[in-house]
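Numbering (the working numbering), first residue to last: 1197 to 1521.
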Amino acid sequence: MKIIKKQHPQKPPHGQNYYFNIRGEVSFMHKHRKSVFLFVTANKHERDAFEKRFIRMNEQYILGKTYYLGMFGNYPVAYIHMDEQGVTNPAAAPLVSQLVQKLHPVAVIMVGIAFGTDEKRQKIGDVLISDKILPYDSQKLLEDRTEYKETPKEVGFQLLNAFREYREWVYYLSNSEKSTVYIGAMLTGSRLINNYKYRNQLIDDFSDQKPIGGEMEGQGIYSMCRIHGVTEWIIIKGICDWGYNKNNPNKSKNQIMAANAAVDYCFNVFCREGVFDSLFEDACTDTCLDKYATNMDSKFVVNNYGKIKNQKNFSIKNMTGDINL
């Protein structure tokens, strides 16, 4: 096949990027667009797993920290990796908060690793989908019990609806076992729990909510979304341990397996035809996104997700002139 450069009838404005999604559609995205999904990771294995699926287009900076714009499945996303776990910690909170304020994303997804709460039923590499979070940091210690001041926080309604549909997802772990999806409440706090007794105490204290796992970033994500008016957010984590005996010989292997499973499940959801169209289109403005589609003759037509079926292999470039085919 001979590759030539053609002059197209329509050029996007200078400063935009273009990309070809998994269905061969051409889309143009402004560098400072306001309608993207924001993904956040906080562990090196989470970052590596996400970047395997993320198509990076452009990089930007917030308080000196790099974040990226690109595609994940069928939808445009922004992505930032935190260098320390726990979005409530002083190193992470200002960055994520200002990024949410700057982008005002349609939704925020925290993807990564967590501890499980049921060693008999669950296994390493199973995926946990939060329908609510259970903050445990703010406590009142009484003589006979601990009272938790924070009430459960419900995740985004539309995101949860999309992530509930897991029946078509099939993912085999590195040990050849099939990953299982669990939906329920997740414990969240700033403490890195590596204590069997304390983990069980939390499970007992929140027994009415039947927690399926625990992690460190959920409360921070919720707080920042609430402050900046983002109603859609969710926590998706893979089980990497049980909240105790974390420093075992398989620690790194288990974290990699858990992170890959969680990201794969997110990617499966984001690849579904039209799953977030209503959420995405409600948040779009006339200036945030111009979508087009192309065939092999490079003739452009207006497109609304999935009209072009013949997927081709194209390259991703910064848009400064004509499209090279």
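We put the beta carbon where it would ideally sit given N, CA and C, even for glycine.
Fair warning: this is a prediction, and the values are worked out from it, not measured in the lab.
In the displayed model, S1293 falls within a helix according to three-state DSSP. Between E1343 and K1336, the C-beta spacing is below 8 Å.
8 Å or more divides the Cβ of E1411 from the Cβ of A1274. Going by C-alpha positions, G1385 is about 30 Å away from G1266. One alpha carbon belongs to F1466, the other to Y1271, and they sit about 7 Å apart. The stretch 1415–1423 and the stretch 1356–1364 do not touch, with fewer than three beta-carbon pairs separated by less than 8 Å. H1241: member of the alpha helix (DSSP H) spanning K1240 to R1249, first to last residue. The C-beta of F1353 has fewer than 16 other C-beta atoms within 10 Å across all chains shown, which makes the residue exposed. The Cβ atoms of I1276 and L1295 sit closer than 8 Å to each other. About 17 Å separates the beta carbons of N1446 and A1245, which is beyond the 8 Å limit, so they are not a contact pair. In the structure shown, the three-state DSSP call for G1434 is strand.
Taking the Cα of N1371 as reference, the smallest distance to any Cα among M1420, V1236 and I1320 is reached at I1320.
Residue range G1409 to E1411 is occupied by the beta strand (DSSP E) that includes G1410.
Here R1252 is bridged, per DSSP, to G1266. The residues V1304 and W1429, in chain order, have a CB closer than 6 Å to that of C1421 in the same chain once the five nearest residues on each side in sequence are set aside. In this structure, DSSP gives M1420 a helical state, which the three-state scheme calls helix.
The alpha carbon of Y1461 has as its nearest neighbour, out of P1301, F1402 and D1322, the alpha carbon of D1322.
The continuous beta strand (DSSP E) containing M1382 extends over residues V1377 to T1384. The beta carbon of E1346 sits closer than 7 Å to the beta carbons of P1331 and S1334 from its chain, once the five residues preceding and following it are set aside; these are given in chain order.
Taking C-beta separations shorter than 8 Å and ignoring five residues to either side along the sequence, the partners of Y1263 in its chain run E1255, Q1256, Y1257, A1274, Y1275, I1276 and L1295, following chain order. Counting only runs of 4 or more residues that sit fully inside the stretch 1325–1368, the alpha helix (DSSP H) segments are 1353–1360, in chain order.
Within the DSSP bridge table, the entry for M1306 names V1236 and I1431 as partners. Its chain contains Q1281, G1308, I1309, Q1451 and A1455 as the residues whose beta carbon lies nearer than 8 Å to that of N1239, once the 5 sequence neighbours on both sides are disregarded; these appear in chain order.
E1315 counts as exposed, since fewer than 16 other beta carbons sit within 10 angstroms of its beta carbon.
Taking the Cα positions, K1374 is about 45 Å away from E1339. Taking C-beta atoms as the reference points, I1379 and I1432 fail to come closer than 8 Å.
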